[in-house]
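In the working numbering, the protein residues as written are 14 to 105.
Heads up, the thing below is written out as structure tokens.
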Amino acid sequence: MIKCFWFVFLFSFVFSSKTLLSVGDSLFYVHDFYQQVPMSEWASFDSTKKERALNSFVEKNLVFLESVNIGLDKHPKTNIQLAERYNQLLVN
Numbered sequence: 014m015i016k017c018f019w020f021v022f023l024f025s026f027v028f029s030s031k032t033l034l035s036v037g038d039s040l041f042y043v044h045d046f047y048q049q050v051p052m053s054e055w056a057s058f059d060s061t062k063k064e065r066a067l068n069s070f071v072e073k074n075l076v077f078l079e080s081v082n083i084g085l086d087k088h089p090k091t092n093i094q095l096a097e098r099y100n101q102l103l104v105n
């Protein structure tokens, strides 16, 4: 039993993620940010570029959350555009 406890305890630290942004029920983690801006590029940025990249990430996610909250994802025109993009991806 104690071995199982230590096993779970150690893996909880290994797989824990640092939260970068929390908006309502939505959490955005550091690895979400590094999917858009690779860590190698982030390390080479100066302070102004780092600030711009971080602000851009936050703005994109806030716009996405707001569009979902007001129901733009259910708008017929949006669904048509998404279906067209999906079909384009299938062709490619």
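C-beta atoms are modelled at their ideal positions from N, C-alpha and C, and glycine is treated no differently.
Counting C-beta neighbours from all protein chains within 10 Å, is the total for residue i 16 or more, i.e. buried, or is it exposed?
| i | result |
| --- | --- |
| F46 | buried |
| F77 | exposed |
| N82 | exposed |
| N92 | exposed |
| F22 | For F22, the pLDDT reaches just 48, beneath the cut-off of 50, and the residue's location in the model is therefore unreliable, leaving the point undetermined. |
Who does residue i pair with in a DSSP beta bridge?
| i | result |
| --- | --- |
| Y42 | T32 |
Among the residues of its own chain, which have a CB less than 8 Å from the CB of residue i, if the five just before and after it don't count?
| i | result |
| --- | --- |
| K63 | W55 |
| E97 | none |
| V71 | L34 |
Identify, in the order they occur along the chain, each residue of the same chain with its Cβ nearer than 6 Å to the Cβ of residue i, setting aside the five sequence neighbours on each side.
| i | result |
| --- | --- |
| F41 | L33, L34 and N74 |
| V104 | none |
If I'm right that residue i touches residue j with Cβ under 8 Å, what's the distance once you round it to whole angstroms?
| i | j | result |
| --- | --- | --- |
| S53 | V43 | Actually they are not in contact, since the Cβ atoms of S53 and V43 sit about 15 Å apart, beyond 8 Å. |
Starting from the C-beta of residue i, find all residues in its chain whose C-beta is less than 7 Å away, skip the five residues before and the five after it, and write them out in chain order.
| i | result |
| --- | --- |
| F58 | A66 |
| Q49 | F70 |
Hey, which unbroken runs of the alpha helix (DSSP H) at 4 residues or more fall wholly within the region 69-105? With a minimum length of 4 residues, the continuous alpha helix (DSSP H) runs that stay inside the region 69-105 are 89-104.
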